[in-house]
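Residue numbers (this note's numbering), protein chains in the order written: chain F, 4 to 387; chain Y, 5 to 261. First the structure, in the form of structure tokens, and then the observations on it.
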Ligand code: SF4
Ligand code: SF4
């Protein structure tokens, strides 16, 4: 069995976050506009076109739960609680440095939480249609794109030109490609990189503030990893290969992702918002930019959409492309939409794709680490 | 002689099985886990030495929630895999659905061709576990075995709380209202069986031979109620409480190879 692969310059998730924070501080001091965001539905290109930097706000950390529970109910998804808790307690430096927040009405918990969040700082909440196929959904979403454009213009006292939007779309499409290629290193068997590292670079914000630099870094890292694969890994036996699905997992990266690898399997891919979920699907560069953005950002395969058939298709493709031996779905406690989709996902993975499936429900606390370890361990044992 | 030793340190009991080369059980040990798994593991080692185990010819696999606390184990294997393997050995079949009602958790394990295919474990909650039965028996001032006997003569009561703590207050208020012990006991067993059946609904039990392992396997009434609710025959046998340890001992034989 091969060892867990960590490069010499390996950084842990918290270290990467710290670096990101220092970089943001410098950026802010240089007078740059900063917009805080939470979700994959956020049209980053509109923020870019306002000459602002979109940053992902903290939605992790057990320590962010108690301040949130002063206002929010206990029985709520930890991601929502940590988002709110990080913001109200000033523990999320990214929130602290944001001029405004850009959010969407995704799940019920989030949209109601934003009502409280909006009392502290200007928060623009885009109204997301509940399904992508509904009549009028696209037209409505397009109006929401336009409303966001106007709000950004008013808030900053600027004009967002179509030209700026087009540039932003081109740049972000290049970034998408770089991120996708990087994630697809995971398709190599055996994988030359741990899932933990794969994920840390992308979800930690570490390289978020200079897209050109980020692209260059990712291209370099991807090339190094491919080289490493040919030099050290090719032809060697592989540990069981796991694909992660379900809710965002950056809040449980130590508790689940790292543990899977410590217990003897490789996390090779992510079919969730911590992975390349929307990266395969660029914004159309030929259309009117607002239309193109509205179309693109309605195609995100999230369980908040009903129906959400794109998720199973994407999952199937990833199972094949990443040569996956088993799927582990992570459902955050009290996330109804993913919990409900779980049965359909299990059915699809075990019946149509014919590979084992494990669903675990957990939160950001460490109290259930023992139970989680037993489930993960048993699942890896059954993969042999 | 070679010794294949399986040690299953559960939340309430530690079970140890020693198999010889031909996979016959030569020793069975059962003791409470106590407050320290490490001490329990030490005590097991002493006991095995007394019984004449030759450590130079022994392979040890530890399982159960205290599996990491057995310093002399050659390997740790999860209780899911061990229970699956052990049950196949005990019930003489490679295709099984195993219902294990343990002290702190309930597991449902599907085994196909001797390999675990799927499993479900209850979440951070003691409803539907041995602990639940134990607490309710305490409240009624009887032993768990007595509770099951009483339940057979009762009926008509159902306990609605899924949480053990709330269920306990429910039982106390039933006692206060003068409800008979038999009827309350019926409600307790009914609650466990329903909880297990809900979990089982997520697996296709109809396709399997179903068996009951774990500490509650020798309560015939519980088994009958399970059969009725799940609508499938449920097998049990006295060694089934050692299923995890037997599975671990079988794994020990494989470690040696
Ligand atoms: S899972 Fe859905 S709601 Fe959550 S970040 Fe992703 S797209 Fe947004
Ligand atoms: S994980 Fe589920 S409940 Fe939590 S924010 Fe995302 S969609 Fe909402």
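All residues carry an ideal CB built from backbone N, CA and C; glycine is no exception. Only a predicted model underlies this, so the values are computations on that prediction, with no experimental measurement involved.
Expressed to the nearest angstrom, what Euclidean distance is found between the alpha-carbon atoms of residue 15(F) and residue 197(F)? As a working note, residue 15(F) is residue 12 in the first chain. As a working note, residue 197(F) is residue 194 in the first chain. Each residue's alpha carbon lies about 12 Å from the other.
Is it buried or exposed, residue 345(F), if we count other Cβ atoms within 10 angstroms and call 16 or more buried? Residue numbering aside, residue 345(F) sits at position 342 when the first chain is read from its first letter. Residue 345(F) should be labelled buried.
Label residue 17(Y) either buried or exposed according to how many other C-beta atoms from any shown protein chain fall within 10 Å of its C-beta, with 16 as the threshold for buried. As a working mapping, residue 17(Y) is identified with position 13 in the second chain. By the 10 Å Cβ count, residue 17(Y) comes out buried.
Could one say the Cβ of residue 7(Y) lies closer than 8 Å to chain F's Cβ atoms, at least one of them? Locating residue 7(Y) in the second chain gives position 3, where the first residue counts as 1. For residue 7(Y), the answer is no, since every Cβ of chain F falls outside 8 Å of its Cβ.
Cutting at 6 Å between CB atoms, please list the residues of its own chain near residue 140(F), excluding the five before and the five after it. On the first chain, residue 140(F) is found 137 positions in, with the first residue counted as 1. So the qualifying residues of the chain are 132.
For the candidate residues 245(F), 173(F) and 195(F), whose alpha-carbon lies nearest to that of residue 232(F)? Against the first chain, residue 232(F) aligns to sequence position 229. Checking every option, the nearest Cα to that of residue 232(F) belongs to 195(F).
How about residue 143(Y): is its C-beta nearer than 8 Å to some C-beta of chain F? Along the second chain, one-based indexing puts residue 143(Y) at 139. No - not a single Cβ of chain F is within 8 Å of the one on residue 143(Y).
Would you mind sorting residue 136(F) into buried or exposed? The rule is 16 or more other CB atoms within 10 Å of its CB. Here residue 136(F) is taken as the residue at index 133 of the first chain, counted from 1. By the 10 Å Cβ count, residue 136(F) comes out exposed.
Check: residue 126(F) C-beta below 7 Å from any heavy atom of ligand 1: Here the question's residue 126(F) lines up with position 123 in the first chain. No, the Cβ of residue 126(F) stays beyond 7 Å of every heavy atom of ligand 1.
Report yes if the C-beta of residue 132(F) is less than 7 Å from at least one heavy atom of ligand 1; otherwise report no. For the purposes of this step, residue 132(F) is taken as residue 129 along the first chain, with counting starting at 1. No, the beta carbon of residue 132(F) sits no closer than 7 Å to any heavy atom of ligand 1.
Residues of the stretch 372 to 384 of chain F in Cβ contact with chain Y at a cutoff of 7 Å, in chain order, please. The stretch 372 to 384 of chain F vs chain Y, Cβ under 7 Å: 373, 374, 377, 378, 380, 381 and 384.
Starting from residue 139(Y), follow the alpha helix (DSSP H) in both directions and report where the run begins and ends. Here residue 139(Y) corresponds to residue number 135 of the second chain, with the count starting at 1. In the DSSP annotation of this structure, the continuous segment of the alpha helix (DSSP H) that includes residue 139(Y) starts and ends at 134 to 143.
Does residue 6(F) have its Cβ less than 8 Å from a Cβ in chain Y? The count along the first chain starts at 1 and reaches residue 6(F) at position 3. Confidence in residue 6(F) is poor, its pLDDT being 45 and thus under 50, which makes the residue's placement unreliable; the coordinate value appears in the next sentence. No, because no Cβ of chain Y sits closer than 8 Å to the Cβ of residue 6(F).
Closest Cβ-Cβ distance between residue 10(F) and chain Y: below 8 Å? Here residue 10(F) refers to the residue found at position 7 when the first chain is read from its first residue. Because the pLDDT of residue 10(F) is 48, which lies under 50, any placement of that residue in the model is unreliable, and the number read from its coordinates should be weighed accordingly. Chain Y contact via Cβ: absent.
Excluding sequence positions up to five away, which residues of its chain have a Cβ less than 8 Å from the Cβ of residue 160(Y)? In the second chain, counting from the first residue as 1, residue 160(Y) sits at position 156. Cβ neighbours of residue 160(Y) beyond the five flanking positions: 187 and 190.
Check whether the Cβ of residue 123(Y) lies closer than 8 Å to any Cβ atom in chain F. What you label residue 123(Y) is simply residue 119 of the second chain in a count that begins at 1. Yes, because at least one Cβ of chain F sits closer than 8 Å to the Cβ of residue 123(Y).
Terminal residues of the continuous beta strand (DSSP E) containing residue 160(F)? Position 157 of the first chain, counting from 1, holds the residue named residue 160(F). From DSSP, residue 160(F) is part of no beta strand (DSSP E); its letter is neither H nor E.
Residue 29(Y) CB to nearest chain C CB: under 8 Å? Any reference to chain C falls outside this structure, whose protein chains are F and Y.
Ends of the alpha helix (DSSP H) at residue 152(Y)? The count along the second chain starts at 1 and reaches residue 152(Y) at position 148. That run of the alpha helix (DSSP H) goes 148 to 156.
Would the stretch 96 to 110 of chain Y and the stretch 207 to 220 of chain Y be scored as touching if the rule is three or more Cβ pairs under 8 Å? yes
Pull up the distance between the alpha-carbon of residue 27(Y) and that of residue 332(F), whole angstroms please. Looking up residue 27(Y) in the second chain gives position 23. Looking up residue 332(F) in the first chain gives position 329. Each residue's alpha carbon lies about 37 Å from the other.
Beta-carbon within less than 7 Å of residue 59(Y)'s beta-carbon, same chain only, minus the 5 sequence neighbours each way: which residues are those? On the second chain, residue 59(Y) is found 55 positions in, with the first residue counted as 1. Closer than 7 Å at Cβ, skipping near neighbours: no residue.
Whether residue 256(Y) touches residue 10(Y) by CB criterion (8 Å): Within the second chain, numbered from 1, the residue matching residue 256(Y) stands at position 252. Within the second chain, numbered from 1, the residue matching residue 10(Y) stands at position 6. Contact flag set, yes.
Report the residues of the stretch 208 to 236 of chain Y with a CB closer than 7 Å to any CB of chain F, ordered along the chain. Against chain F - using a Cβ distance shorter than 7 Å - the stretch 208 to 236 of chain Y contributes no residues.
Best match in 58(F), 85(F), 59(F) and 78(F) for proximity to residue 71(F) [C-alpha to C-alpha]: Translated into positions along the first chain, residue 71(F) becomes position 68. From the listed residues 58(F), 85(F), 59(F) and 78(F), the smallest Cα separation to residue 71(F) is found for 85(F).
Per-residue burial, residue 4(Y) [other beta carbons within 10 Å of its own, 16 or more giving buried]: What is shown of chain Y runs 5 to 261, which leaves residue 4(Y) out entirely.
Taking the alpha carbon of residue 38(F) as the point to measure from, which residue in 46(F), 50(F) and 274(F) has its own alpha carbon closest? Your numbering for residue 38(F) matches position 35 in the first chain. The shortest C-alpha separation from residue 38(F) is found at 50(F).
Alpha carbon to alpha carbon, how far is residue 207(F) from residue 8(F)? Give it in angstroms, no decimals. Numbered from 1 along the first chain, position 5 holds the residue referred to as residue 8(F). Numbered from 1 along the first chain, position 204 holds the residue referred to as residue 207(F). Here residue 8(F) scores only 49 on pLDDT, less than 50, and its place in the model should not be relied on; the value that follows carries that caveat. Distance between the alpha carbons of residue 8(F) and residue 207(F) is about 19 Å.
Residues near ligand 1, criterion Cβ-heavy atom distance below 5 Å: By the rule of a C-beta closer than 5 Å to any heavy atom of ligand 1, the residues picked out are 42(F), 43(F), 109(F), 276(F) and 305(F).
Starting from the C-beta of residue 192(Y), find all residues in its chain whose C-beta is less than 6 Å away, skip the five residues before and the five after it, and write them out in chain order. For the purposes of this step, residue 192(Y) is taken as residue 188 along the second chain, with counting starting at 1. Result list for residue 192(Y): 140, in chain order.
Looking at residue 2(F): is its Cβ nearer than 8 Å to the Cβ of residue 26(F)? Chain F is shown from 4 up to 387; residue 2(F) falls before or after that span and cannot be answered.
I'd like the span of the alpha helix (DSSP H) that includes residue 219(F), first residue to last. Numbered from its first residue, the first chain carries residue 219(F) at position 216. Note, residue 219(F): alpha helix (DSSP H), 214 to 231.
How do the stretch 287 to 297 of chain F and the stretch 148 to 159 of chain F stand: do at least 3 beta-carbon pairs fall below 8 Å, yes or no? yes
Span of the beta strand (DSSP E), counted from its first residue to its last, around residue 304(F): The sequence position of residue 304(F) within the first chain is 301, counting from 1. Looking at the DSSP string, residue 304(F) is not in any beta strand (DSSP E), and its letter there is neither H nor E.
Checking the sheet assignment: what are the DSSP bridge partners for residue 245(F)? The sequence position of residue 245(F) within the first chain is 242, counting from 1. According to DSSP, which records beta bridges pairwise, residue 245(F) is partnered with 270(F) and 329(F).
Residue 6(F), DSSP secondary structure in three states: Here residue 6(F) refers to the residue found at position 3 of the first chain. In this prediction, residue 6(F) has a pLDDT of 45, which is less than 50 and means its spatial position is unreliable; what the coordinates show is noted afterwards. When secondary structure is reduced to three states using DSSP, residue 6(F) falls in the coil class, being assigned neither helix nor strand.
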